[in-house]
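Whatever position you read off the sequence shown (first residue = 1), add 56 for this note's numbering.
Glycine included, C-beta positions come from ideal geometry on N, C-alpha and C.
Bear in mind that the values here come from a model prediction, so they are computed numbers and not experimental data.
Notes to accompany the following structure.
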Amino acid sequence: MRKLNPDEIQALSRQIRHRLGSSRLPVSVVLDNIRSLHNVGSIFRTCDAARVEQLLLTGITGRPPRREIDKTALGAVESVPWRYFPSAGETLTRLKQQGYTVYILEQTNQSLPFYKVNFQFPAALVVGNEVFGVDEQLLPLADQCVDIPMFGEKHSLNVS
57 MRKLNPDEIQ ALSRQIRHRL GSSRLPVSVV LDNIRSLHNV GSIFRTCDAA RVEQLLLTGI
117 TGRPPRREID KTALGAVESV PWRYFPSAGE TLTRLKQQGY TVYILEQTNQ SLPFYKVNFQ
177 FPAALVVGNE VFGVDEQLLP LADQCVDIPM FGEKHSLNVS
């Protein structure tokens, strides 16, 4: 066994993209008031890796072009389709009208652990502010609230 070198990794990535063509995972990721531009950049990279169909930035969430976003996005701002909307609520309402199932990543009294959710597509995944989480006013728009069980001292992961 050996690690792949950068040229081999690039060639493998090209092969995968060629097989996938223009298809993307039918998931829209919605950022609700993310404060840290570094977190936004990191989420761009994650969305690139998962090949999601779009990243929707809402509220106070910073948007490109910003040096801090570019620092962690490492070019993903160019490869991930994204748009900005002032209101997360209006964005989710529009997605629901388009047939999306809305999953809010939040700890609520009705959240299911992610591994027990039967995800339906197309899906919208909403993640929230680093301190306050997803705005409580958005919860009625959720088809399901989902959480990531935490077994350590901390009760949540960094949003990125």
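Bridge partners of residue 88, per DSSP? As a working mapping, residue 88 is identified with position 32 in the sequence shown. Note: residue 88 sits in a beta bridge opposite 114, 184.
Whose C-beta lies closer than 8 Å to the C-beta of residue 155 among residues of the same chain, with five residues either side of it excluded? Against the sequence shown, residue 155 aligns to sequence position 99. Excluding positions up to five away in sequence, the list reads 178.
Apart from the five residues on each side of it in sequence, which residues of its chain come closer than 8 Å, Cβ to Cβ, to residue 186? By 1-based counting over the sequence shown, the position of residue 186 is 130. Contacts found: 90, 91, 92, 95, 214, 215.
Nearest-angstrom Cα distance between residue 141 and residue 86? Position 85 of the sequence shown holds residue 141. Position 30 of the sequence shown holds residue 86. Residue 141 and residue 86: Cα-Cα distance of roughly 10 Å.
Supposed close pair residue 132, residue 104 - CB separation, criterion 8 Å: The sequence position of residue 132 within the sequence shown is 76, counting from 1. The sequence position of residue 104 within the sequence shown is 48, counting from 1. Contact holds; Cβ gap of about 4 Å.
DSSP state of residue 99, grouped into three classes? Taking the first residue of the sequence shown as 1, we reach residue 99 at position 43. If DSSP states are grouped into helix, strand and coil, residue 99 belongs with the helices.
Distance between residue 203 and residue 163 (C-alpha atoms, nearest Å): Residue mapping note: residue 163 aligns to position 107 of the sequence shown, counting from 1. Residue mapping note: residue 203 aligns to position 147 of the sequence shown, counting from 1. Each residue's alpha carbon lies about 6 Å from the other.
Under 6 Å Cβ to Cβ from residue 184, same chain only, skipping five residues before and after it: list those, please. Locating residue 184 in the sequence shown gives position 128, counting from the first residue. Excluding residues within five positions, the ones whose Cβ falls inside 6 Å are 88, 190.
Since I believe residue 109 is in contact with residue 81 (beta carbons under 8 Å), could you give me their beta-carbon distance rounded to a whole number of angstroms? The residue you call residue 81 lines up with position 25 of the sequence shown. The residue you call residue 109 lines up with position 53 of the sequence shown. Going by Cβ atoms, the distance from residue 81 to residue 109 rounds to 7 Å, so yes, they are a contact pair.
Which partner residues of residue 141 appear in the DSSP bridge assignment? As a first step, residue 141 must be located in the sequence shown, where it is residue number 85. Answer is 114, bridged to residue 141.
Between which two residues does the beta strand (DSSP E) harbouring residue 66 extend? In the sequence shown, residue 66 corresponds to position 10, counting from 1. That residue, residue 66, is in no beta strand (DSSP E); its alpha helix (DSSP H) goes 62 to 76.
Cβ neighbours of residue 127 in the same chain (closer than 8 Å, five flanking residues each side left out): In the sequence shown, counting from the first residue as 1, residue 127 sits at position 71. Excluding positions up to five away in sequence, the list reads 94, 97.
Determine the extent of the alpha helix (DSSP H) in which residue 128 is found, giving its start and end residues. Here residue 128 is taken as the residue at index 72 of the sequence shown, counted from 1. Per DSSP, residue 128 belongs to the alpha helix (DSSP H) from 123 to 129.
Spatially closest choice to residue 144 from 182, 118, 71, 99, by CA coordinates: For the purposes of this step, residue 144 is taken as the residue at position 88 of the sequence shown. Residue 144 has its Cα closest to that of 182, out of 182, 118, 71, 99.
Same chain, Cβ closer than 7 Å to residue 135, five either side skipped, listed in chain order: As a working note, residue 135 is residue 79 in the sequence shown. Correct list, in chain order: 104.
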